[in-house]
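Trainee:
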Amino acid sequence: MRQPVICLTVVLALSACGLQDANVPVPQPDTPIFGRIAAVREAAGEPGTSEVEIKAGLPDRLEAVMRREGRIIPEMEKDLLVRVRVSPATVCVADLLATDLTSFRVGQEVAVLPVPGTITLTGTKLLRAEADQFFDFAAYELRALPRAIEVLPAGVADRSDAGRINSSGAERSPVPLRGGSVVYFAAGLLAPAIPVEGSGPRGAVREGMRDGSGSLAAWAVGGLRPYRVAWGQGRWEAPKPVVLPGLAPGAGARITWLDEGETECLVEVMEDGKPVRLMESRRAETKDPWGPLAAVGAAQGESVGDAQRFYGKDGSYLVWTVYAGDGADLLMGRPNGDSGPLDPRINTPGREWAPRVGPRTTLYFCRGQRQLLFEGSMVHEVRLAGTQRRPFVEAAPLADGSALFVVTPRFTPGEPDVDIAVARSAEGGWGAAVPLDEWKPE
76 MRQPVICLTV VLALSACGLQ DANVPVPQPD TPIFGRIAAV REAAGEPGTS
126 EVEIKAGLPD RLEAVMRREG RIIPEMEKDL LVRVRVSPAT VCVADLLATD
176 LTSFRVGQEV AVLPVPGTIT LTGTKLLRAE ADQFFDFAAY ELRALPRAIE
226 VLPAGVADRS DAGRINSSGA ERSPVPLRGG SVVYFAAGLL APAIPVEGSG
276 PRGAVREGMR DGSGSLAAWA VGGLRPYRVA WGQGRWEAPK PVVLPGLAPG
326 AGARITWLDE GETECLVEVM EDGKPVRLME SRRAETKDPW GPLAAVGAAQ
376 GESVGDAQRF YGKDGSYLVW TVYAGDGADL LMGRPNGDSG PLDPRINTPG
426 REWAPRVGPR TTLYFCRGQR QLLFEGSMVH EVRLAGTQRR PFVEAAPLAD
476 GSALFVVTPR FTPGEPDVDI AVARSAEGGW GAAVPLDEWK PE
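Using our numbering, read the sequence shown as starting at 76 and increasing by one per residue.
1. Under the criterion of a Cβ to heavy atom distance below 7 Å, does D233 qualify as lining the ligand ADP?
2. Is the beta carbon of T437 closer than 8 Å to that of L448?
3. Helix or strand or just coil, what does DSSP make of A113?
4. Do you know offhand how far A478's Cα is from E502's?
5. Taking all protein chains shown into account, decide if G275 is buried (16 or more other Cβ within 10 angstroms of its Cβ) or exposed.
6. So what's R445 in DSSP terms, helix, strand or just coil?
7. Shortest alpha-carbon distance to P301 belongs to which of G287, L333 and G307?
8. Using the C-alpha atoms, what's the distance from L393 back to A313?
9. Can you give me the Cβ contacts of G506 inside the same chain, cut-off strictly under 6 Å, excluding the 5 residues immediately before and after it?
10. Assuming the contact rule is C-beta atoms closer than 8 Å, A262 and L299 should be a hit. Round their C-beta distance to whole Å, please.
11. Taking just the CA atoms, how far does S242 sit from A279?
12. Taking a contact to mean a Cβ-Cβ separation below 8 Å, would you say A518 touches V468 in this structure?
13. At which residues does the alpha helix (DSSP H) containing R218 begin and terminate?
14. Have a look at A470 and P251 and give me their C-alpha separation to the nearest angstrom.
15. Alpha carbon to alpha carbon, how far is V226 from V190? Give it in angstroms, no decimals.
16. Would you report the Cα separation of R310 and P510, rounded to the nearest angstrom?
17. Given that a residue counts as buried once 16 or more other Cβ atoms are within 10 Å of its Cβ, and exposed if not, what is Y386?
18. Could you name the residues of the same chain whose beta carbon sits closer than 8 Å to that of P367, not counting the 5 residues immediately before and after it, in chain order?
19. A328 bridges to which residues according to DSSP?
20. Please state whether DSSP places D236 in a helix, a strand or coil.
21. Give me the Cβ distance between V161 and P107, rounded to the nearest whole Å; I'm assuming they're in contact under 8 Å.
22. Going by other Cβ atoms of all chains shown within 10 Å of its Cβ, with 16 needed for buried, is Q78 buried or exposed?
23. Alpha carbons only, please: which of M284, T338, G244 and W306 is nearest the one belonging to A326?
24. Spatial neighbours of R203 within its chain, please: C-beta separation below 6 Å, excluding the five flanking residues on both sides.
25. Tell me, which residues are paired with T174 by DSSP?
26. Buried or exposed: which applies to T331, given that a residue is buried once 16 or more other Cβ atoms fall within 10 Å of its Cβ?
27. Below 6 Å CB to CB, which residues in the same chain sit around G376 once its five sequence neighbours on both sides are set aside?
28. What number of angstroms, rounded off, separates the C-alpha of G254 from the C-alpha of W306?
29. Between which two residues does the beta strand (DSSP E) harbouring W514 extend?
30. The beta strand (DSSP E) spanning L353 covers which residue range?
31. Excluding the 5 residues flanking V379 on each side, which residues of the same chain have their C-beta closer than 6 Å to its C-beta?
32. Specify the secondary structure class of V86 as computed by DSSP and reduced to three states.
33. What is the rounded straight-line gap between the Cα of G182 and the Cα of K315?
34. Of the choices V257, G372 and F486, whose alpha-carbon is the least far from that of P516?
35. Would you grab the beta carbon distance between V317 and R303 for me? Rounded to a whole angstrom, and I think it's under 8 Å.
36. With P466 and V166 assumed to form a contact (beta carbons below 8 Å), what rounded beta-carbon distance in angstroms separates them?
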């Protein structure tokens, strides 16, 4: 069965407009807005912000699907104009990726997901909204209405080369070492973009993802296990699985910290129905197998993981994530054995996770799906190059701060697939994110 088609904002609440002062904006429900771009103007006094005029209407393909399925096609208010503010905080999406508003053109069909509470209607002809996400309609249709698409476009599920780092599955949790010439990361397969009979999982089926019988391992679809990739002879070698002894067949695991010599590591272990555990492993030499996993006793909490170790003048510190329901906070342990939550400016009622320590003991961490940095006693949002926001999480800096390894989304149907990319430091911030397969260590 096809997915139900979402109704349009522009047909809501119009019948009551005769009871309102035509000059008073009337709040509207938070629903998608569809139409064609009529004009784009810079917003006066707001660098990076534009006002986009949209002629409201059902996209041609959406109307065709509704006719084919026998659905009632809503009648639109004629000449309804929508004015949408696209700011530096807006995520613009085209061709599966985040981009700038400059990638869009007049006459293009678009879908706008508004910032909650920002849609208003003035009279019967003018709708206003602030854009949270601004989609080329083809990208929105793929992301939100994939069952309306007869053939999925290239890039959704066909990136499956196990010799490369990124695929149409999940690659995340980068840990760069040795100037970025060695990278540990976690990889797994994603469920089919459209779960129909005969469809298989998305992603590269890598070494270690099959069990002894040749079937996919219990953890492979929806889970993660660690891999290592190294730069050599002018190219990235094929990723190799990191074998951690003692993991249950269905357990997921990801390495979140290693020392530069690759002889100590911290591992988050995940099993269905059990608390997340923070474990550690050691070995004498880089070429030796990893030793047995042992619990990190210093990490307090029932469900703990996603940790990093760092060193100060008085010894070794540990910062880790404590999970509780849908929330998470960051704690730190000190060399003397004391531990406690981090600064209140870091921990909030939201979900804080992925602590990564950068140069000068700065702290990169995520709050929800935003990448933040605690530096100079203040929390800042970390941005990549571009006028509009490029979403990313799990930022991990090189030891010298010259590059930032990040996890970026591709806006695919169902669960977005995520890739690893690298941004070099630039004047006042960071440059564009380059997929790790295309990035070269200096």
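C-beta atoms are modelled at their ideal positions from N, C-alpha and C, and glycine is treated no differently.
Bear in mind that the values here come from a model prediction, so they are computed numbers and not experimental data.
Mentor: Answer, in terms of the structure:
1. The ligand ADP is not among the ligands present in this structure, which contains no ligands whatsoever.
2. With contacts defined by Cβ atoms closer than 8 Å, L448 and T437 form a contacting pair.
3. A113 falls in the strand class under three-state DSSP.
4. Answer to the nearest angstrom: the Cα atoms are 13 Å apart.
5. When all chains shown are included, G275 counts as exposed.
6. DSSP places R445 in strand when its eight states are reduced to three.
7. It is L333.
8. Looking at the backbone, the Cα of A313 and that of L393 are separated by about 32 Å.
9. Excluding sequence neighbours, G506 sits near A460, A498 and R499.
10. Sure, about 7 Å apart at Cβ, within 8 Å.
11. Whole-angstrom Cα-Cα distance: 6 Å.
12. Outside the shown range of the chain, which is 76 to 517, sits residue 518, and nothing can be said about it.
13. F212 to A219 is the span of the alpha helix (DSSP H), which, as asked, contains R218.
14. Counting only the Cα atoms, P251 lies some 10 Å from A470.
15. Approximately 31 Å between the Cα atoms of the pair.
16. Roughly 14 Å separates the two Cα atoms.
17. By the neighbour-count definition (other C-beta atoms within 10 Å, threshold 16), Y386 is an exposed residue.
18. Counting only Cβ-Cβ distances below 8 Å, and skipping sequence neighbours, we find P320, G321 and S356.
19. Beta-bridge pairing links A328 to V344.
20. In this structure, D236 counts as coil in the three-state DSSP scheme.
21. So it is not a contact: roughly 15 Å between Cβ atoms.
22. Low local confidence applies: a pLDDT of 37 at Q78 is under 50, so the model's placement there is unreliable, with the coordinate-based value given in what follows. It counts as exposed.
23. The residue with the shortest Cα to Cα distance from A326 is M284.
24. Hits under 6 Å: R158 and T195.
25. According to DSSP, which records beta bridges pairwise, T174 is partnered with C167.
26. Looking at its Cβ environment, which holds 16 or more other Cβ atoms inside 10 Å, T331 is buried.
27. Non-local beta-carbon contacts of G376 in its own chain, meaning distances under 6 Å to residues more than five positions away in sequence, involve V397 in chain order.
28. Their Cα atoms are separated by approximately 11 Å.
29. For W514, there is no enclosing beta strand (DSSP E), as DSSP marks it with neither H nor E.
30. Membership of L353 in the beta strand (DSSP E) is indicated by the continuous run R352 to R357.
31. Only L353, W395 and V397 meet the Cβ criterion.
32. Note that V86 scores 39 on pLDDT, short of 50, meaning its location in the model is unreliable; the coordinates nonetheless yield the value given after this. In the structure shown, V86 sits in a helix (DSSP, three-state: H, G or I).
33. Rounded to the nearest whole angstrom, the C-alpha separation of G182 and K315 is 47 Å.
34. Of the candidates V257, G372 and F486, the one whose C-alpha sits nearest the C-alpha of P516 is V257.
35. About 5 Å separates the beta carbons of V317 and R303, which is inside the 8 Å limit, making them a contact pair.
36. Indeed they touch by this definition, with Cβ atoms about 6 Å apart.
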